[in-house]
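Below is one structure, written out as structure tokens; the observations come after it.
Numbering (my numbering), first residue to last: 5 to 771.
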């Protein structure tokens with residue numbers, strides 16, 4: 005917001021000019037309202053996001069929290085420091101914004117505000133997220149401290165206004181730490197974050213010194229959403245390679261908290277764009293452009309002067325076009341408008357001007373210049389006149405989150421030429437506007453060919469292509485995007501996940517409920533739960549105390565006891581099979597011997613196991629390159645162990661192996677990866693420990709007490725099934741226990757620090 009006044013003087017000469025050379029001759033936005041102290045104006049850009057958020061007002065109670073932006077003195081037009089705005093003035097603005105627009109302004113102190121926005125956001129994150137390394141002169145460490153501070157301010161402001169049941173939707177790379185900060189303050193809040201920019205592959209993102217902090221900050225959300233599937237895939241790859249987290253079809257398993265991933269390509273406010281195209285000042289501008297350029301074809305480019313927007317590539321491609329197709333040299337003109345970016349780029353501007361001068365010198369004349377280049381802000385009427393009058397549009401970013409200019413161009417052409425679009429494959433819109441000419445902006449000859457195709461295209465083909473692009477733009481609007489985002493956030497938050505520290509098991513309550521129950525179901529994992537984790541799996545034999553405790557529990561006629569392990573069935577039978585009435589399930593539920601039975605059932609009869617050959621090849625590849633690792637071939641799973649490998653190298657290789665499997669195998673086959681303690685296991689998706697829980701409950705519906713304990717991610721299947729059943733009205737009293745520290749994310753309700761302590765608890769309740 006800014007307390008500036010607008011100058012709306014209508015100057016006929018300026019209105020008649022195609023594009024005014026006076027960059028700031030008039031305000032480009034309407035005044036929103038004013039008091040004696042404040043006058044409000046909208047900021048430039050982000051119109052699609054604002055339109056989407058505004059559309060939610062029809063169906064939801066909304067509150068918009070944001071920074072004020074630049075503040076100016078109305079008399080002097082000088083910028084006012086946020087630090088000098090007194091409390092009365094701040095309260096006045098807050099009251100005005102909240103009463104009229106349901107907005108809460110944040111006054112960010114000038115120093116940290118600069119370090120956050122102009123510093124870390126624009127000089128570190130923005131380049132990196134567009135595959136450009138930041139300048140080595142950038143003070144990344146200092147800017148990072150400001151970035152954290154501003155994120156903290158936003159998180160605290162959200163928490164201050166939060167009410168139970170609210171949805172919190174956070175937007176873009178400026179606030180990547182807010183989800184986790186907010187999660188620490190509000191463990192049960194429903195939080196989503198949407199990234200408007202691209203998200204890069206791990207090869208680039210891992211260069212960021214604060215990479216883990218950024219990823220962990222984002223994973224405080226229930227839903228992390230992106231413009232395209234590729235960006236979501238890159239994010240999941242970063243979580244796998246950098247954090248070692250498991251990626252599943254349901255999302256990222258962040259140590260027990262399932263964080264969903266979404267793909268929501270943003271649209272535009274189609275009706276508002278139509279209204280802008282019909283504004284009174286647009287038609288005179290269109291007539292002025294047509295009069296100036298006569299019967300020449302008008303090619304339009306409109307970009308920020310930013311290295312990733314592809315302005316230089318566009319100019320080089322146009323030069324190549326004139327070289328390859330001499331018949332078009334005097335028959336077309338490129339009108340390129342570049343607005344200044346947040347960070348000035350004098351070298352980039354000089355290079356652009358150099359290319360423009362070279363083209364005009366080579367292919368122009370005294371009467372005509374093939375490139376009309378304007379480095380300035382243009383007003384709204386000029387912008388929409390450009391879009392309406394164009395015979396083709398060139399959009400050539402080398403990396404772009406979405407690019408809504410291309411969508412606005414489609415709407416602007418509805419009542420004019422139905423002109424085609426040349427669109428970079430590196431924009432998010434390229435996946436939606438398939439009827440456009442999709443190009444690699446670095447391939448100048450390809451762009452030149454595409455431009456020729458557009459200019460020579462028949463009216464019939466123009467109509468056909470325009471119908472495809474128009475249908476997409478009119479369906480997937482900003483309102484559609486915003487409502488879909490909210491609906492997916494609600495669905496993601498409804499999935500059971502436990503946030504915050506897990507409380508220690510209330511042993512006294514457990515004892516009381518255990519004694520008062522008529523029939524009890526007890527499910528225990530083996531490694532890490534009944535016995536400590538050992539470097540060599542064969543060393544994890546049960547202690548005499550563990551055997552004695554299991555014998556007493558299984559001998560109680562009120563108990564049904566199952567050991568549900570990832571170990572093979574033969575090992576379980578050898579170590580525990582002699583205990584009467586003890587049920588055993590091996591390989592995560594592939595094999596089951598019910599309590600009191602002598603026969604073991606296999607769940608593999610209807611499961612296709614042909615996938616094992618492909619997975620074994622990958623595991624062998626990493627085993628050969630990771631000394632100390634080995635493959636365990638179970639009947640229903642393959643497990644790669646690296647417990648005896650070098651700890652750091654083994655963990656690194658495990659992340660690479662996991663990423664390899666996810667990219668080349670898991671997405672094509674009905675299997676999933678389990679990330680365990682120093683292990684990677686691949687198993688069929690239809691078999692897991694949760695199925696054993698369902699079977700036990702079905703066989704013993706009269707049970708009134710249920711205790712389930714485990715220590716790793718495979719046991720989350722059991723906890724998750726019980727949590728889902730509980731939410732649907734499961735009548736049993738349920739104790740789910742994670743063995744490990746309280747900070748460990750889990751769906752379980754309780755925690756016990758170690759397997760030794762858990763064994764002591766079992767011994768006490770069974771005595």
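Even glycine gets a Cβ: it sits at the ideal position worked out from N, Cα and C.
Residue i and residue j look like a contact to me (Cβ under 8 Å); what is the Cβ gap, rounded to whole Å?
i, j, result
"residue 178", "residue 403", "Not quite, the Cβ-Cβ distance comes to about 18 Å (not below 8 Å), so this is no contact."
"residue 387", "residue 306", "7 Å"
"residue 595", "residue 567", "With a Cβ gap of about 12 Å, residue 595 and residue 567 do not count as contacting."
"residue 679", "residue 248", "7 Å"
"residue 204", "residue 129", "With a Cβ gap of about 10 Å, residue 204 and residue 129 do not count as contacting."
"residue 773", "residue 190", "Because residue 773 is not part of the residues shown, which for the chain are 5 to 771, the question remains open."
"residue 534", "residue 765", "12 Å between Cβ atoms; not a contact."
"residue 688", "residue 674", "6 Å"
"residue 461", "residue 424", "6 Å"
Do residue i and residue j have their C-beta atoms within less than 8 Å of each other?
i, j, result
"residue 726", "residue 740", "yes"
"residue 409", "residue 393", "no"
"residue 255", "residue 493", "no"
"residue 537", "residue 558", "no"
"residue 639", "residue 608", "yes"
"residue 374", "residue 316", "no"
"residue 599", "residue 622", "no"
"residue 593", "residue 732", "no"
"residue 395", "residue 301", "yes"
"residue 633", "residue 646", "yes"
"residue 575", "residue 742", "no"
"residue 339", "residue 304", "yes"
"residue 268", "residue 52", "no"
"residue 250", "residue 677", "yes"
"residue 157", "residue 84", "no"
"residue 562", "residue 522", "yes"
"residue 548", "residue 696", "no"
Rounded to a whole number of angstroms, what is the C-alpha to C-alpha distance between residue i and residue j?
i, j, result
"residue 700", "residue 650", "40 Å"
"residue 230", "residue 686", "28 Å"
"residue 724", "residue 484", "32 Å"
"residue 225", "residue 65", "21 Å"
"residue 420", "residue 280", "14 Å"
"residue 282", "residue 414", "15 Å"
"residue 520", "residue 218", "48 Å"
"residue 619", "residue 669", "8 Å"
"residue 73", "residue 345", "15 Å"
"residue 552", "residue 710", "21 Å"
"residue 611", "residue 532", "29 Å"
"residue 33", "residue 382", "Interpretation of residue 33 is limited by its pLDDT of 43, a score under 50 that renders its predicted location unreliable; the figure taken from the coordinates is listed afterwards. Near 11 Å, if we compare the C-alpha coordinates of residue 382 and residue 33."
"residue 238", "residue 368", "45 Å"
"residue 659", "residue 684", "9 Å"
"residue 35", "residue 78", "Confidence is the limiting factor: at residue 35 the pLDDT is only 48, short of 50, which leaves the residue's position unreliable, though a coordinate-based value still follows. Cα to Cα, the separation comes out at about 13 Å."
Provide the residue(s) that pair with residue i in DSSP beta bridges, ordered along the chain.
i, result
"residue 636", "643"
"residue 688", "675"
"residue 71", "110"
"residue 495", "BP columns for residue 495 are empty, so no partner."
"residue 297", "The partner list for residue 297 (beta bridge, DSSP) is empty, contrary to what the question assumes."
"residue 754", "741"
"residue 458", "Partner(s): none; residue 458 has no beta bridge."
"residue 308", "343"
"residue 426", "398, 441"
"residue 714", "742"
"residue 531", "535"
"residue 590", "595"
"residue 198", "175, 229"
"residue 251", "256"
Can you list, in chain order, the residues of its chain whose CB lies under 6 Å from that of residue i, leaving out five sequence neighbours each side?
i, result
"residue 206", "241, 242, 245"
"residue 264", "227, 255, 496"
"residue 12", "Low per-residue confidence applies at residue 12: pLDDT is 38, beneath 50, and the placement is therefore not dependable enough to give any value."
"residue 101", "107, 109"
"residue 682", "646, 647"
"residue 473", "414, 437, 439"
What does a CB cutoff of less than 7 Å around residue i pick up in its chain, not counting 5 residues either side in sequence?
i, result
"residue 422", "466, 467, 470"
"residue 648", "539, 632"
"residue 434", "427, 428, 442"
In its own chain, which residues sit with a C-beta less than 8 Å from the C-beta of residue i, not counting the 5 before and 5 after it?
i, result
"residue 98", "108, 109"
"residue 780", "For residue 780 there is no data in the structure shown, the boundaries of the chain being 5 and 771."
"residue 450", "443, 444"
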